[in-house]
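In our numbering, the protein residues as written are 868 to 1066. Heads up, the beta-carbon is just placed ideally off N, CA and C, and yes, glycines get one too. Just below is one structure, and these are the notes that go with it.
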Ligand SMILES: NC(=O)c1ccc[n+]([C@@H]2O[C@H](COP(=O)([O-])OP(=O)(O)OC[C@H]3O[C@@H](n4cnc5c(N)ncnc54)[C@H](OP(=O)(O)O)[C@@H]3O)[C@@H](O)[C@H]2O)c1
């Protein structure tokens, strides 16, 4: 398959790229500062430009989306909006604009995260964003068939423990290579409307 991978240069994206390539897929990589295509997915017009440049696609895979981490009373309106734009709106637009761009039985795989179901202090904006992504996936699945859509919802990565480990006491981390297998399951399998959890 020819697959568009958003965030291919990141911790997760690197593992997803490796897994997809090992399965024989052709991967077109996207990032703001690295990749075959350079676009900022928080800008809907940038998503349109990305699809115009990408050519024919069988699947779109998301492995990017930033949210701020702060104590709840300190989160400002612009920061809530940034969380929504950075992780939710970017991925919603990826799907909304992408249905006409991928093959008739193609698929979308979005990224959410453990905070949708298991919150931590300072993680309210991320929980909101991840929950929204997962609700959207379930809703979109019934509208875009026979195209498919799933979300991958991992806990903290082993590679990220140095940066975020203190925020996830008692959480068992997951290697990104294991998370990448959930992407393989989504892209190559037949399921839709699923949230693949890795706790
Ligand atoms: N790290 C964890 O432990 C963990 C656990 C569960 C879920 N997640 C989720 O997994 C996703 C990836 O996390 P990660 O740790 O792999 O992040 P990362 O290492 O920071 O990588 C993110 C990648 O996405 C690209 N990117 C970021 N914003 C973008 C945008 N607006 N448009 C286009 N490309 C963009 C970045 O490249 P450029 O800077 O060049 O754009 C980078 O290649 C995030 O949504 C995160 O919430 C992470």
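Integer Cβ distance of residue i from residue j, believed to fall under 8 Å
i, j, result
"residue 1004", "residue 1018", "4 Å"
"residue 1012", "residue 1059", "7 Å"
"residue 927", "residue 1050", "Not really, about 11 Å apart at Cβ, beyond 8 Å."
"residue 1020", "residue 1064", "5 Å"
"residue 925", "residue 890", "Actually they do not touch by this definition, with Cβ atoms about 12 Å apart."
Classification of residue i by the beta-carbon crowding that lies within 10 angstroms, buried from 16 upward
i, result
"residue 958", "buried"
"residue 1053", "buried"
"residue 922", "exposed"
"residue 1043", "buried"
"residue 968", "buried"
"residue 1001", "buried"
"residue 929", "buried"
"residue 943", "exposed"
"residue 973", "buried"
"residue 993", "buried"
"residue 1009", "exposed"
Residue nearest to residue i in terms of C-alpha spacing, selected from the options
i, options, result
"residue 941", "990, 1049, 1024, 953", "990"
"residue 979", "969, 917, 995, 894", "995"
"residue 981", "999, 968, 969", "999"
"residue 899", "1022, 882, 1030, 877", "877"
"residue 875", "1009, 909, 907, 931", "931"
Alpha-carbon spacing of residue i relative to residue j, whole angstroms
i, j, result
"residue 897", "residue 933", "15 Å"
"residue 938", "residue 952", "19 Å"
"residue 1066", "residue 1047", "14 Å"
"residue 1016", "residue 879", "19 Å"
"residue 966", "residue 1014", "8 Å"
"residue 871", "residue 903", "10 Å"
"residue 892", "residue 1039", "31 Å"
"residue 886", "residue 1029", "24 Å"
"residue 956", "residue 935", "15 Å"
"residue 811", "residue 948", "Since the first residue shown for the chain is 868 and the last is 1066, residue 811 is missing from the structure and cannot be characterised."
"residue 901", "residue 920", "15 Å"
"residue 1035", "residue 1062", "21 Å"
"residue 970", "residue 1025", "35 Å"
"residue 1027", "residue 988", "18 Å"
(message) Any contact between the region 961 to 977 and the region 899 to 917? By contact I mean 3 or more CB pairs, one from each, below 8 Å.
(response) yes
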